[in-house]
Amino acid sequence: MRIHCKIVIAVCFGVFLLLYFFVGNAADDPPLKEVEEDNYFPKFSGLRNNVASKLTKKTLDELHIPHKQPLTYRKVSKVSSRGNVIAKSRQRSDMGVGRPASKRTRAEEVMHLAVVACGNRLDETLTMVKSALLFSIKSIKFHIFAEDPLTSQFEKGFLFQLSQWPHAITNKFQYSIYPITFSVGNAEEWKKLFKPCAAQRLFLPVILKDVDSLLYVDTDVLFLRPMDDMWSFLKAFNTTQLAAMAPEHEIPKIGWYSRFARHPFYGVTGVNSGVMLMNLTRIRSTLFKNSMITSGLSWEDLLHPLYQKYKNHITWGDQDLLNIIFHYNSECLYTFPCQWNYRPDHCMYGSNCKGAEEEGVSILHGNRGVYHDDKQPAFKVVYDAIHEYPFEDNLFQSLFYPLQTKFLDTVNTLCGRIPQVFLKQVEKSMRTVYEKKVVRHVRPPPK
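Letter by letter, the sequence shown follows residues -26 to -1, 1 to 421 of mature numbering (1 follows the signal peptide of the UniProt record, and there is no 0).
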């Protein structure tokens, strides 16, 4: 009996030790491995450790990483090779990583961005392009519309920039340059509407017949977060919506349209067309209600008679025409928050964009020429920082830290006294870029 009891006790003790051994090892996760060397975050900055410490449960959820799996980082090194420059329309074949992508997948990965540049807008346009490429994930196809004297300048400007930018960046985009054309009405009259060539944006659905969806931006726009996030608004459209813009103002009593407009406009404060997301396929297939005839008109057939009716009553040219169109077709428009088209009006009369206060500016729109004078130095500081940033340099050291420092000189201005509005999203975007660069492989969870 005693022998049996001893055997049972020994077996139980052995089972206990085995359970302790296996359960204990399973519960102990190996620590995060540090990057050996990283050009975006220098060793002395302490930011690598800071980012690693911020990979909390919430962050891991956002990155779709299992919490109890170890992260392995890879060494990040600069890309020194330059891509060969191809004529006006550039197509890179190595957009996929690790395996070739099918034609259908490749088409779905490309976002389309259009800009119209006339006059002295070359440098401003290239800075906008640079900001779009800085944080974006998917590849971008740029559609650049320029008047004849500027076409060769744009070509030379792009060729020069491509020779300076790293292969990892030039590999992410294609571009085409188009002449300024108007399919209906008097071309010279359209060109003089508001600013030179601004009316060209009205004809994008007609010209870009092979493009399904498109983001149009003015040349004075800067992306402070991935363009992919703006592109995702297309999925938020309901079945009748075919375009998206931000309100012209947040407060009706100080808005321009609500006080001075002599024509119909959208909603309570009108919309600003400096950032406009469009489903071109839907625009081309829709008949638009209007105040001229009882039946609907196609987009192209509507533009000229609409201009002829209201040309003596509009102040902001093509933007006014868009407001008139969506006044009569409000079900077709999706409005996105003010932080996606943040202008001096949102801070020069006091901060009035709550979305920017909470999340930071996503897209900065420096209208009123504020990038090139000292009237709103907070906007100029951001423009200068992106314009001067060399792509292959450390993001925080060469872009964010100088930006923070220069903002100290703007705190005596209404826009400069809220630096977090301008800096919050930039910092978040930089950290996202860093995490995507260093997280190379995550061990799959055991089955």
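Glycine residues also receive a C-beta, built at the ideal position from the N, C-alpha and C atoms.
Subject >> Under the three-state DSSP convention, the category Asn297 falls into >> reply: For the purposes of this step, residue 297 is taken as residue 323 along the sequence shown, with counting starting at 1. It is helical.
**OP:** Return helix, strand or coil for Asn58, following the three-state DSSP convention.
**Re:** To locate residue 58, count along the sequence shown from 1; it is residue 84. Any reading at Asn58 needs caution, since the residue's pLDDT is 32, under 50, leaving its predicted position unreliable; the model's value is listed next. Three-state result, Asn58: coil.
Subject >> Runs of beta strand (DSSP E) wholly within the stretch 349 to 419 (minimum 3 residues, chain order) >> reply: If we require 3 residues or more, the beta strand (DSSP E) runs fully inside the stretch 349 to 419 come out as 413 to 416.
Subject >> Whether His86 touches Leu188 by CB criterion (8 Å) >> reply: Here the question's residue 86 lines up with position 112 in the sequence shown. Here the question's residue 188 lines up with position 214 in the sequence shown. Between His86 and Leu188, the C-beta gap is smaller than 8 Å, which places the two residues in contact.
**OP:** Within its chain, find whatever has a CB closer than 6 Å to the CB of Val400; leave out the 5 residues flanking it on each side and keep chain order.
**Re:** Here the question's residue 400 lines up with position 426 in the sequence shown. Only Leu198 meet the Cβ criterion.
**OP:** Use the C-beta contact count for Thr161: other C-beta atoms within 10 angstroms, 16 or more gives buried, fewer gives exposed.
**Re:** For the purposes of this step, residue 161 is taken as residue 187 along the sequence shown, with counting starting at 1. Per the sequence shown, residue 161 should be read as Ala rather than Thr. That one is exposed.
Subject >> Ile337 in three-state terms, based on DSSP >> reply: Here residue 337 corresponds to residue number 363 of the sequence shown, with the count starting at 1. Ile337: strand per DSSP, three-state reduction.
Original post:
Would you say the stretch 308 to 326 touches the stretch 382 to 393, given that touching needs at least three Cβ pairs under 8 Å?
Top reply: Contact between the stretch 308 to 326 and the stretch 382 to 393 is present, because at least three Cβ pairs lie under 8 Å.
Original post:
CB Leu295 to CB Leu280, shorter than 8 Å?
Top reply: Here residue 295 refers to the residue found at position 321 when the sequence shown is read from its first residue. Here residue 280 refers to the residue found at position 306 when the sequence shown is read from its first residue. Contact flag set, yes.
Original post:
What are the boundary residues of the alpha helix (DSSP H) that includes Ser113?
Top reply: Indexing the sequence shown from 1 puts residue 113 at position 139. First-last for Ser113: undefined, no H or E at that position.
Original post:
Would the beta-carbon of His237 fall within 8 Å of that of Gly159?
Top reply: The residue you call residue 237 lines up with position 263 of the sequence shown. The residue you call residue 159 lines up with position 185 of the sequence shown. The answer is no: Cβ separation not under 8 Å.
**OP:** From the DSSP output, in three-state form, read off Val103 for me.
**Re:** Locating residue 103 in the sequence shown gives position 129, counting from the first residue. DSSP, read as helix, strand or coil, puts Val103 in helix.
Subject >> Integer-rounded CB distance, given that Ala218 should sit under 8 Å from Phe207 >> reply: As a working mapping, residue 207 is identified with position 233 in the sequence shown. As a working mapping, residue 218 is identified with position 244 in the sequence shown. 5 Å between Cβ atoms; contact.
Original post:
Distance, Cα to Cα, Ser272 vs Val245?
Top reply: On the sequence shown, residue 272 is found 298 positions in, with the first residue counted as 1. On the sequence shown, residue 245 is found 271 positions in, with the first residue counted as 1. Note on geometry: alpha-carbon atoms of Ser272 and Val245 lie some 21 Å from one another.
Subject >> Among Leu216, His287, Pro226, nearest to Phe262 - alpha-carbon criterion >> reply: As a working mapping, residue 262 is identified with position 288 in the sequence shown. With respect to the C-alpha of Phe262, the residue from Leu216, His287, Pro226 having the closest C-alpha is Leu216.
Original post:
If you follow the alpha helix (DSSP H) that Pro123 is part of, which residue opens it and which one closes it?
Top reply: Residue 123 sits at position 149 when you count from the first residue of the sequence shown. 122 to 138 is the extent of the alpha helix (DSSP H) around Pro123.
**OP:** Output the distance between the C-alpha atoms of Tyr152 and Lys410, rounded to the nearest integer angstrom.
**Re:** The residue labelled residue 152 in the question sits at position 178 within the sequence shown. The residue labelled residue 410 in the question sits at position 436 within the sequence shown. Near 35 Å, if we compare the C-alpha coordinates of Lys410 and Tyr152.
Subject >> Terminal residues of the alpha helix (DSSP H) in which Ala161 lies >> reply: As a working mapping, residue 161 is identified with position 187 in the sequence shown. Run containing Ala161: 161 to 165, per the alpha helix (DSSP H) assignment.
Original post:
Is it true that the stretch 223 to 235 meets the stretch 107 to 120, where meeting means three or more beta-carbon pairs spaced less than 8 Å apart?
Top reply: No: fewer than three Cβ pairs fall under 8 Å.
Subject >> Through-space distance from Asn264 to Lys283, alpha-carbon basis >> reply: Along the sequence shown, one-based indexing puts residue 283 at 309. Along the sequence shown, one-based indexing puts residue 264 at 290. Rounded to whole angstroms, Lys283 to Asn264 spans 11 Å at the Cα level.
Original post:
If you compare alpha carbons, which of His287, Ser259, Thr193 is closest to Leu276?
Top reply: Mapped onto the sequence shown, residue 276 falls at position 302. Taking only the C-alpha atoms, the option nearest Leu276 is Ser259.
Original post:
CB Val335 to CB Tyr316, shorter than 8 Å?
Top reply: By one-based count along the sequence shown, residue 335 stands at place 361. By one-based count along the sequence shown, residue 316 stands at place 342. Yes; because the gap between Cβ atoms is below 8 Å, this pair is in contact.
**OP:** Could you tell me which residues DSSP puts in a beta bridge with Ser187?
**Re:** Position 213 of the sequence shown, counted from the first residue, corresponds to residue 187. Note: Ser187 sits in a beta bridge opposite Asn253.
**OP:** Name the one or two DSSP bridge partners that Gly324 has.
**Re:** One-based indexing of the sequence shown puts residue 324 at position 350. According to the DSSP secondary-structure assignment, Gly324 is paired through a beta bridge with Met322.
Original post:
With 16 other CB atoms within 10 Å as the buried threshold, where does Glu305 fall?
Top reply: Residue mapping note: residue 305 aligns to position 331 of the sequence shown, counting from 1. With fewer than 16 other Cβ atoms within 10 Å, it is exposed.
Original post:
According to the Cβ coordinates, are Ser157 and Glu333 closer than 8 Å?
Top reply: If you number the sequence shown from 1, residue 157 lands on position 183. If you number the sequence shown from 1, residue 333 lands on position 359. Glu333 is positioned such that its CB atom lies no closer than 8 Å to that of Ser157.
**OP:** Determine the direct distance from the alpha carbon of Ala142 to that of Val50, and round the result to whole angstroms.
**Re:** Position 76 of the sequence shown, counting from 1, holds the residue named residue 50. Position 168 of the sequence shown, counting from 1, holds the residue named residue 142. Note that Val50 scores a pLDDT of 32, beneath 50, so its modelled location is shaky; the value from the coordinates is reported in the next line. Roughly 12 Å separates the two Cα atoms.
**OP:** Taking Gln148 as part of the beta strand (DSSP E), name the residues at either end of that continuous run.
**Re:** Walking along the sequence shown from the start, residue 148 turns up at place 174. In the DSSP assignment, Gln148 falls within the beta strand (DSSP E) that extends over 147 to 152.
Subject >> Anticipated Cβ contact below 8 Å, Asp292 with Ala173, distance rounded >> reply: Numbered from its first residue, the sequence shown carries residue 292 at position 318. Numbered from its first residue, the sequence shown carries residue 173 at position 199. Confirmed, Cβ separation roughly 5 Å.
Original post:
How should Val395 be labelled, buried or exposed, when 16 other C-beta atoms within 10 angstroms of its C-beta is the threshold for buried?
Top reply: To locate residue 395, count along the sequence shown from 1; it is residue 421. Its Cβ being crowded by 16 or more others within 10 Å, Val395 is buried.
Original post:
Where does Ala235 fall in DSSP's three states?
Top reply: Position 261 of the sequence shown, counted from the start, is the residue given in the question as residue 235. Note: Ala235 maps to coil in three-state DSSP.
**OP:** Answer yes or no: the CB of Leu369 versus the heavy atoms of the ligand FAD, is any distance below 7 Å?
**Re:** By its list of ligands, the structure shown contains no ligand whatsoever, and the ligand FAD lies outside what it can speak to.
**OP:** Please name the residue in Pro364, Thr125, Lys115 whose C-alpha comes closest to that of residue 432.
**Re:** The question about residue 432 has no answer here: the residues shown for the chain are numbered -26 through 421.
Original post:
In its own chain, which residues sit with a C-beta less than 7 Å from the C-beta of Ala106, not counting the 5 before and 5 after it?
Top reply: Position 132 of the sequence shown, counted from the start, is the residue given in the question as residue 106. Counting only Cβ-Cβ distances below 7 Å, and skipping sequence neighbours, we find Leu87, Ile114, Phe197, Met201.
Subject >> Buried/exposed call for Leu251, threshold 16 Cβ in 10 Å >> reply: As a working mapping, residue 251 is identified with position 277 in the sequence shown. By the neighbour-count rule (16 or more Cβ atoms within 10 Å), Leu251 is buried.
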